[in-house]
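J.: Per the numbering used here, the sequence shown starts with residue -19, numbered consecutively.
Where a beta carbon is used, it is the ideal one built from N, C-alpha and C, also for glycine.
Quick one: the structure is below, questions incoming.
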Amino acid sequence: MTIAEFNQCVDLYADSLYRFILKNVKDQDKAKDIVQDTYEKLWSKVNDLESTNAKSYMFTTAYRTMIDSIRRDKKFSPIEKLPETSHTKHAQPDLKQTIDNALSKLSEIQRNVLLLRDYEGYNYEQIGEITGLNESQVKVYIYRARIAMKDYLVSLENVI
């Protein structure tokens, strides 16, 4: 890969890579750090990597970096967290917030494969390469995630 191709990869995929990571970690600074780490790793492999494989490599690397970051944060999480309480209910539910709440109820792998498929537009084979799952497992996780999302979203108390 040439330097021009590297710069083109940054221009083409930075936004979608950031959105994917942000949907999972829900922290803008952490998402930016993970994307930056991904591009640093891509830069270190710039001479060994074909430009046609760059997008898959970046999403795979970002996914694995995100998983490592989440695991590292779990080890150093605070002992006590104050419960978040809300004393007011919104009259109009925010659709984005409702969908984000539904996504947060999914397991980590279900959320990741669902976002890669429906939000980023990857096919099953590409999702399998990124997550390290086989194609059948990807299909099962996506199916179960969609069922869980549907069950959450049709429940009246979750929408209102």
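Label T32 either buried or exposed according to how many other C-beta atoms from any shown protein chain fall within 10 Å of its C-beta, with 16 as the threshold for buried.
T.: Against the sequence shown, residue 32 aligns to sequence position 52. T32 is exposed by the Cβ-count criterion.
J.: Could you name the residues of the same chain whose beta carbon sits closer than 6 Å to that of K3, not counting the 5 residues immediately before and after it, in chain order?
T.: Along the sequence shown, read from residue 1 onward, the residue named residue 3 stands at position 23. If we look at K3 and ignore the five residues flanking it on each side, its Cβ neighbours are L95.
J.: DSSP three-state label for Y102, please.
T.: For the purposes of this step, residue 102 is taken as residue 122 along the sequence shown, with counting starting at 1. Reduced to three states, the DSSP call for Y102 is coil.
J.: Pull up the CB-CB distance for M(-19) and V15, whole angstroms please, since I reckon it's below 8 Å.
T.: Residue mapping note: residue -19 aligns to position 1 of the sequence shown, counting from 1. Residue mapping note: residue 15 aligns to position 35 of the sequence shown, counting from 1. Not really, about 18 Å apart at Cβ, beyond 8 Å.
J.: Taking all protein chains shown into account, decide if G108 is buried (16 or more other Cβ within 10 angstroms of its Cβ) or exposed.
T.: Position 128 of the sequence shown, counted from the first residue, corresponds to residue 108. By the 10 Å Cβ count, G108 comes out buried.
J.: With a threshold of 16 other CB atoms inside 10 Å of the CB of Y121, please say whether the residue is buried or exposed.
T.: In the sequence shown, the residue the question calls residue 121 occupies position 141. With 16 or more Cβ atoms within 10 Å of its Cβ, Y121 is classed as buried.
J.: Can you name, in chain order, every residue of its own chain whose Cβ lies under 8 Å from the Cβ of W23, other than the five neighbours on each side?
T.: Numbered from 1 along the sequence shown, position 43 holds the residue referred to as residue 23. F(-14).
J.: Less than 6 Å between C-beta atoms, sequence neighbours within five positions excluded: which residues of the same chain meet that for G101?
T.: Counting from one through the sequence shown, the residue named residue 101 turns up at place 121. Excluding positions up to five away in sequence, the list is empty.
J.: What residue does the alpha helix (DSSP H) around K141 start on, and which one ends it?
T.: For the chain, the structure presents residues -19 to 140; residue 141 sits outside this window and is missing.
J.: Inspect the beta-carbon positions of D17 and T45 and report whether they are closer than 7 Å.
T.: Mapped onto the sequence shown, residue 17 falls at position 37. Mapped onto the sequence shown, residue 45 falls at position 65. Against a cut-off of 7 Å, the Cβ pair of T45 and D17 comes out as a contact.
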